[in-house]
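**Student:**
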Amino acid sequence: MPADAAAKGMKLERYASGAGAMLLLRRVASGKVVSASSHLLFRATVLATLALVFLFTFHYPSLLSRSFTLSSGAGGGEGGAAAHASHRSLLMSSSASAASVYGGAAWEKEVRRSAKPRKDGGIAVLVTGAAGFVGTHCSLALRARGDGVLGLDNFNAYYDPELKRARQRLLAGRGVLVLDADINDALLLEKLFDLVPFTHVLHLAAQAGVRYAMEAPQTYVASNVAGLVTVLEVAAKHADPQPAIVWASSSSVYGLNTDAPFSEEHRTDRPASLYAATKKAGEAIAHTYNHIYGLSITGLRFFTVYGPWGRPDMAYFFFAKSIVSGEPITLFRAADGADARRDFTYIDDVVKGCLGALDTSGKSTGSSKSGKKSGPAPLRVYNLGNTSPVPVTRMVAILEKLLGKKANKRIVAMPSNGDVPFTHANVTHAAHDFGYRPTTSLDAGLRHFVDWFADYYKLKLDVPKIAAKVAGAGKPSSSSASKKKKKAAAMSASS
Ligand SMILES: O=C(O)[C@H]1O[C@H](OP(=O)(O)OP(=O)(O)OC[C@H]2O[C@@H](n3ccc(=O)[nH]c3=O)[C@H](O)[C@@H]2O)[C@H](O)[C@@H](O)[C@@H]1O
């Protein structure tokens, strides 16, 4: 054996296993006892293989449970187990499914209890992204009117997960269970549909944020494209009966459209950000699942939704934080020199729109058993905006008054990072089909936000006094101020 080959062999075998291998190594290097070494090598290989099998079994029970579920063919479907496997998300194939973590009679009872409507004719809704901003408010509103709600959320760290946990606790207090689970976990979704005949899915889980898409593009594809497909696959091919789907699209799909106000008939083929492109892709995907499988699908284009329990990644929220802490804020000015403007939409108005869309969604017409649809199912898309764009500088001025502090502003040209100069919703279709009528001005909505913000972060602001000043209601007495504060808090918790 040439010297360097022998050295390589020694090096490789040194990795095989501890002291025994060292002995073997010496023998191999000397080249004297070849047959003994192959004997030992064989034994070492068998031992190593057994150890690997043991480790695999121990660490990946979900893969074993996966093959059990596949061969049991739960939920049927025309093509049997193989076809069934094909719609499972590849994204979850290498990590544990929450289905292998959750389970047992007590857990199933909890799931059923949360999802059970409390009134005759109530609906049973699976809310994805339930610990998110819109998800929390919609879940509370559904529960308040007696519908059954089961929530899912993966509690990712895109923004403060503790805020999501606080929302989860708020929901738990109202009898809504929110499971820690990912929408790409098809096994868990299937299990949930086996337990509960959900009438509706309110699919709000998504990777949000327009500008962050330049930093983490793949997360947008994983949540907004692959995640949507996973939800629709399970709804179309596993759920029996198929639910109706209402899901969160975005005003950002209008992209470089300059016709205003934005109408559902306008072009949406020029997205300005990857975020917008994934939402636009979602609308195309919705068309496919409606066309082939007869799923009833409604997409809602939300316009810069804000309010109590909001998203800390949004400008109104982090501007408020910066104003309080004295940090500078950066305001974007559009290319034509005008301030950026947004059709800021208050959460309670959006919740009414979501519930209206659920109530008028119509039924899916397909069958996961036969794989056939009995006829065309509804496919709808609606703007949910406020219909009155406000310059971001005005939003900051309102915050300054409410917080009793001036912002340290820096005004710069809008960077080319996916932002658009303005948004403006035409809501005629939502108004016609389910009576959507936004009623909250930005002043009133931000007042509710700041009330919650001060309360949540335990800030010592004289919020009711400042809020009343902004609303032009005069100086309230301390007792009426505290009544007002309580009313605002109750409103934010029940909307
Ligand atoms: O309506 C929508 O479709 C979208 O609304 C928001 O996106 P955006 O309107 O960009 O909301 P913010 O990020 O809160 O920005 C609001 C305004 O503040 C401006 N801004 C933002 C950040 C900043 O540092 N400075 C600044 O002036 C933006 O240009 C924009 O005009 C949400 O973040 C998206 O998830 C949602 O889909």
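Under full-length UniProt numbering, the letters of the sequence shown match residues 1 to 495, in that order.
Backbone N, C-alpha and C define an ideal beta-carbon position, used for all residues, glycine too.
Less than 8 Å between the CB atoms is what I'm expecting for Tyr102 and Leu179, so what's the real figure, rounded?
**Tutor:** Indeed, because the Cβ distance is near 7 Å, the residues count as touching under 8 Å.
**Student:** Let me make sure I understand the geometry here. Which of Ala425, Thr440, Ser361 has the alpha-carbon closest to that of Asn383?
**Tutor:** Cα-wise, what sits closest to Asn383 is Ala425.
**Student:** Could you have a look at Thr128 and say whether DSSP puts it in helix, strand or coil?
**Tutor:** In this structure, Thr128 counts as strand in the three-state DSSP scheme.
**Student:** Leaving aside the five residues before and after Val381 along the sequence, list all residues of the same chain whose C-beta is less than 6 Å from its C-beta, in chain order.
**Tutor:** Excluding sequence neighbours, Val381 sits near Glu264, Gly299.
**Student:** Can you tell me where the beta strand (DSSP E) holding Asn290 begins and where it ends?
**Tutor:** Per DSSP, Asn290 belongs to no beta strand (DSSP E); it is in the alpha helix (DSSP H), 274 to 293.
**Student:** In whole angstroms, give me the CA-to-CA distance for Ile183 and Thr230.
**Tutor:** Taking the straight line from one Cα to the other gives about 7 Å.
**Student:** What do you reckon, is the C-beta of Phe262 under 7 Å from a heavy atom of ligand 1?
**Tutor:** No - ligand 1 has no heavy atom lying nearer than 7 Å to the Cβ of Phe262.
**Student:** With H, G and I counted as helix, E and B as strand and the rest as coil, what does DSSP make of Thr298?
**Tutor:** Reduced to three states, the DSSP call for Thr298 is strand.
**Student:** For Val196, which option in Leu150, Asn156, Asp160 has the closest C-alpha, if you only look at C-alpha atoms?
**Tutor:** With distances taken between Cα atoms, Val196 lies closest to Leu150.
**Student:** For ligand 3, any of its heavy atoms closer than 7 Å to the Cβ of Ala397?
**Tutor:** For ligand 3, the structure offers nothing, since it holds only ligand 1.
**Student:** Using a threshold of 8 Å, state whether the C-beta atoms of Gly375 and Ala272 are closer than that.
**Tutor:** No, the Cβ-Cβ distance between Gly375 and Ala272 is not below 8 Å.
**Student:** Please report the straight-line C-alpha distance between residue 553 and Asp349, rounded to a whole angstrom.
**Tutor:** The structure shown does not extend to residue 553, since the chain spans only 1 to 495, so no value can be given for it.
**Student:** Rounded to the nearest angstrom, what separates residue 540 and Gly129 at their Cα positions?
**Tutor:** The chain is shown from 1 up to 495; residue 540 falls before or after that span and cannot be answered.
**Student:** Gly294 and Thr365 look like a contact to me (Cβ under 8 Å); what is the Cβ gap, rounded to whole Å?
**Tutor:** Confirmed, Cβ separation roughly 4 Å.
**Student:** What I want to know is whether the C-beta of Pro449 ends up closer than 7 Å to one or more non-hydrogen atoms of ligand 1.
**Tutor:** The identity of residue 449 in the sequence shown is Phe, whereas the question assumes Pro. Phe449: no, Cβ never under 7 Å from ligand 1.
**Student:** Using the three-state DSSP reduction, which class does Val112 fall into: helix, strand or coil?
**Tutor:** Val is not the amino acid found at residue 112; the sequence shown has Arg there. Arg112: helix per DSSP, three-state reduction.
**Student:** Could you pull out every residue in the same chain whose Cβ sits closer than 7 Å to the Cβ of Ala213, ignoring the five residues on either side in sequence?
**Tutor:** So the qualifying residues of the chain are Tyr220, Ser273, Leu274, Tyr275, Gly418.
**Student:** Within the same chain, show all residues whose beta-carbon is closer than 8 Å to that of Arg333, passing over the 5 residues directly before and after it, in chain order.
**Tutor:** Asp339, Ala340, Ile411, Val412, Ala413, Met414.
**Student:** If we cut at 8 Å on Cβ distances, does Ala216 have a partner in chain D?
**Tutor:** Within the model displayed, chain D is absent; a lone protein chain is all it includes.
**Student:** Tell me whether Asp313 sits in a helix, a strand or coil according to DSSP, three-state version.
**Tutor:** It is coil, neither helix nor strand.
**Student:** Using 8 Å as the threshold, is the region 106 to 116 in touch with the region 203 to 210, meaning 3 or more CB pairs across them?
**Tutor:** As far as the Cβ criterion goes, the region 106 to 116 does not touch the region 203 to 210, which means the pair count is below three.
**Student:** Exposed or buried, Asn224, counting other C-beta atoms within 10 Å across all chains shown (16 or more means buried)?
**Tutor:** So Asn224 ends up on the buried side.
**Student:** Going by beta carbon distance, what residues of the same chain come within less than 7 Å of Val470, once the five residues before and after it are set aside?
**Tutor:** For Val470, the predicted structure reports a pLDDT of 39, less than 50, and the residue's modelled location is therefore unreliable. A value from the coordinates is still provided. So the list reads Ile398, Lys401, Leu402, Asp443, Arg447, once near-sequence residues are dropped.
**Student:** Judging by CA-CA distance, which residue of Val111, Tyr159, Leu459, Ser416 is the nearest neighbour of Arg211?
**Tutor:** The residue with the shortest Cα to Cα distance from Arg211 is Ser416.
**Student:** So, at 8 Å on beta carbons, what are the nonlocal neighbours of Arg270 in its own chain, with the 5 sequence-adjacent residues on each side left out?
**Tutor:** Gly255, Leu256, Asn257, listed in sequence order.
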